[in-house]
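Those protein sequences? They're chains A and B, same order as listed.
Numbering (our numbering) for the first sequence: 1377 to 1626.
Numbering (our numbering) for the second sequence: 186 to 438.
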Amino acid sequence: MSLLQLNKVSKYKFDEEKEWLFRDITADISPEDHIVLIGGSGQGKSTLLRIIARLERLDDGGICLEGKASKEWKPQSWRKKVSYVAQKPVMLTGSIKNNLRTVSLLHDRPFEEELARRYMEAVGLGQLDWGKNAVDLSGGEQQRLALIRSLMLNPDILLLDEITSSLDPGSKHAVEQLLLEWVSEASSPKAYLWITHDVEQARAISNQVWFMAEGCLLEKGETTAFFEHPNTKQAKQFMSGLQTEVVKHP
Amino acid sequence: MSNMALICTLCFVAVAAFISMKQKLGLEKEILIGTLRSAVQLLFIGYVLHFVFGTSNPFFILIIITGMILVAAWNAGAKAKHISGIRLRIAITLACTEGVTMGILLGLGIIAPTPQYIIPVSGIIIGSSMIVCGLLLNRMKREMETARGEIEMLLALGATEKQAIHSSLRRSVRASMIPTIDGMKTVGLVQLPGMMTGMIVAGADPIEAVRYQILIMFVLASSAAMTAMILSLISYKLWFTKDARLLPVLPAD
C-alpha cells in the first residue's frame, strides 16, 4: 500500500490568471521510495512539494495520505508525517542546540540528544559547539542543520527541495548516505521525494525518477531505465542539457 | 474664546496652504478638506457633549463610546483591510480595553462617574488604542514578508498557527507598545500633553493638571499593553487560511 497518492493535482500559474502551471499530476509514494523530482526551472517542482506539504493550495485534484484525503487530516498531523525542507535554510534565533530542540519543544517530546548527535556526526557537523549561534553558521552548515532539525521530527515522507545546493562534494555525499540509510533502515515505512538539478546525485540517491515538463509529470519510472532510455523527447533534451553542463563544469 | 478669535485661527491654515502652493506640494485640497472636517467634527461633538452633559443619561454616554469604538475600528482596520474580519477583532479589542480601564477608573473612584470625565478619558483611551492597533497591524504585515520563511519552516515541522507565528506576534506587540513607553519617558520634558495644556489654559492649577496627566499616562501604558495583547491573541489566526497555510503576500500598495 502506498503512503501517499497524488490524484490529478493541478495548480494555476497565478491565483488570478487561469493558466496552468501544471495539470493532472497523478503518482504514488510508497514505503522505501527514493524519488528524485527533476525538470527545467519554472516547471513547478518546488510548488508541487509545497502543495504535498500543505504549505500551498492546490487548485484541482486531491492528495491522500495513508488512504485518507487531505481534508480529513488536521494540517499539523499531516505535516508531522509529510515534512518539507526548503532549499534556503531558516535558522531560529539562538543556539544550534535550540534549533535541534525545535521539534521537541513544539510537540512536547523529550529531546533525543543521542540521535541528534549521531545525525550531526553523520553529516560532518560533529565537531560543532552546540552553544554557538545558529545564524553564524555558514550556508552549507545551516542547510545540514535544517535537514537534521526536520529529521528529528521523524516524518514518514521527507520533501527535500535542493537541500545540498550549498554543500561541498564531501558533505553532499554524507547527506546522501544519511538519507539513504534513513529510508532503508527505519523501523517504520519511510520515503523521500527530492528535487535536484545534479544528474550524478539523482542517479546516486534514487530508485525512481519523476520528470516534470510541459506542465505535467511527463515521465515517471525506475532510475536506471530513465537515465539510459528516456521515453520522451523532452527528457532526452533535458538530459543532454545536463550532460553539456557537466562537460562545461566537470 | 471669542468667535473672532476662533475665525482668526484660520490664519494657521492659510500658512499651511501657502507653503503647499509655494512648494508645489499639491496638498491644498487635502488641507481644505482637513480644515472643514476638523471644524465640523469638533463643533458637532461640542454640541453633542453639551447636550449629553446636560442630560447625564448613561445611555447617551454608551452611544458616544460605541461610536468612538466603531470609527476607531474602521480606521485602524484600514491598515490590514485585506485581512477578513480584522475590523470586528479591533472593535472587540477596543471595547475590552475601554471596559477594563474604565471599570478600574470608576471602580477605584479615580475619576467621577460623570460624562464630563468618562467621555474625554474614553476618547483618550480609544484613540491611543486605535494607534496601537494600527502599529501592530503594520508590523504584522511586514512580518508576513520578512518572517515568512521562519513561519513556514515551523509549520512544516507540524507547528500550530500560534506556535508558528508566536515570534512575529511578540515582535509586533513590542513594536506597537514602544511609542507609548517612549512617550512616558519624555513627557513633560519634550512635550506638554494636550489634556494638561488644555486644563492649564482653561485656568486649572498646573499641579492638578499634572496629576490628571500622570493618570492619563499610566492609563495609556496599560491600555496599550492590553490592546496589543488582546488584538494579537484574537486576530493571529486571520493571517492563515482555514487549513493553516499562511495567506499569500499582497503586492505593495
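From the three backbone atoms N, C-alpha and C, an ideal C-beta is built for every residue, glycine too.
- When beta bridges are read from the DSSP output, I1401 (chain A) appears opposite A:V1385.
- H267 (chain B) sits in coil when the DSSP states are folded into three classes, being neither helix nor strand.
- Note that the C-beta distance between L1569 (chain A) and I1405 (chain A) is below 8 angstroms.
- Remark: C-beta atoms of I311 (chain B) and Y302 (chain B) do not approach each other more closely than 8 angstroms.
- Against L354 (chain B), chain A offers no close residue; the least beta-carbon distance is about 15 angstroms (beta-carbon pairs closer than 8 angstroms).
- For F1587 (chain A), the enclosing beta strand (DSSP E) has its first and last residue at 1584-1589.
- Under the criterion of beta carbons closer than 8 angstroms, V1412 (chain A) and T1469 (chain A) do not qualify as touching, at roughly 33 angstroms.
- Put simply, the CB of L1534 (chain A) is far from chain B, with every gap to its CB atoms at 8 angstroms or more.
- With a beta-carbon spacing of about 6 angstroms, S1541 (chain A) and Q1463 (chain A) fall inside the 8 angstroms limit used to define contacts.
- The DSSP-derived three-state label of S1459 (chain A) is strand.
- The C-beta distance from C1592 (chain A) to R1399 (chain A) rounds to 6 angstroms, short enough to fall under 8 angstroms.
- In the displayed model, V434 (chain B) falls within coil according to three-state DSSP, outside both helix and strand.
- Less than 8 angstroms divides the Cβ of A1567 (chain A) from the Cβ of I1533 (chain A).
- Rounded to the nearest whole angstrom, the CA to CA distance from A257 (chain B) to T278 (chain B) is 11 angstroms.
- A distance below 8 angstroms between beta-carbons, with the five flanking residues on each side excluded, links I254 (chain B) to the following residues of its chain, in chain order: A276, L279, A280, E283, I311.
- The shortest CA-to-CA distance from G1443 (chain A) to any of A:G1420, A:L1379, A:S1453 is the one to A:L1379.
- With a minimum length of 3 residues, the unbroken runs of beta strand (DSSP E) contained wholly in the segment 1525-1602 of chain A fall at 1533-1537, 1567-1571, 1584-1589, 1592-1598.
- Boundaries around G1437 (chain A) are those of the beta strand (DSSP E), 1436-1441, since no alpha helix (DSSP H) includes it.
- Of all residues in the segment 1434-1461 of chain A, only P1451, Q1452, R1455, K1456, S1459, Y1460 place a beta-carbon less than 7 angstroms from a beta-carbon of chain B.
- The beta carbons of L1594 (chain A) and T1572 (chain A) sit about 17 angstroms from each other, so the pair does not count as a contact at 8 angstroms.
- I1524 (chain A) sits away from A1550 (chain A), with the two beta carbons spaced by 8 angstroms or more.
- Relative to M287 (chain B), the option among B:I268, B:I309, B:K207 whose CA is nearest is B:I309.
- Under the Cβ distance rule, L1382 (chain A) does not count among the residues neighbouring chain B, no pair being separated by less than 8 angstroms.
- Interface criterion not met: the Cβ of H1549 (chain A) is under 8 angstroms from no Cβ in chain B.
- L1468 (chain A) sits in coil when the DSSP states are folded into three classes, being neither helix nor strand.
- Taking the C-beta atoms as reference points, I399 (chain B) is found no nearer than 8 angstroms to P391 (chain B).
- At a cut-off of 8 angstroms between beta carbons, M329 (chain B) makes no contact with chain A.
- Not a single C-beta of chain A is nearer than 8 angstroms to the C-beta of M206 (chain B).
- Between the beta-carbon of L1535 (chain A) and that of V1461 (chain A) there is about 7 angstroms, and that keeps the pair under the 8 angstroms contact cut.
- A contact is defined here as three or more CB-CB pairs under 8 angstroms, and the segment 411-420 of chain B meets this definition with respect to the segment 314-327 of chain B.
- Nearest CB-CB separation between V1479 (chain A) and chain B: below the 8 angstroms threshold.
- Closer than 8 angstroms to the CB of A1510 (chain A) there is not a single CB belonging to chain B.
- Under the rule that a run must span 3 or more residues, no beta strand (DSSP E) segment is found entirely inside the segment 306-386 of chain B.
- Between A1429 (chain A) and S1459 (chain A) a beta carbon distance of about 7 angstroms is seen, short of the 8 angstroms cut, so the two are scored as contacting.
- Taking the beta carbon of A360 (chain B) as reference, no residue of chain A falls within 7 angstroms; the closest one sits roughly 16 angstroms away.
- Where G1415 (chain A) is concerned, the enclosing beta strand (DSSP E) starts and stops at 1410-1415.
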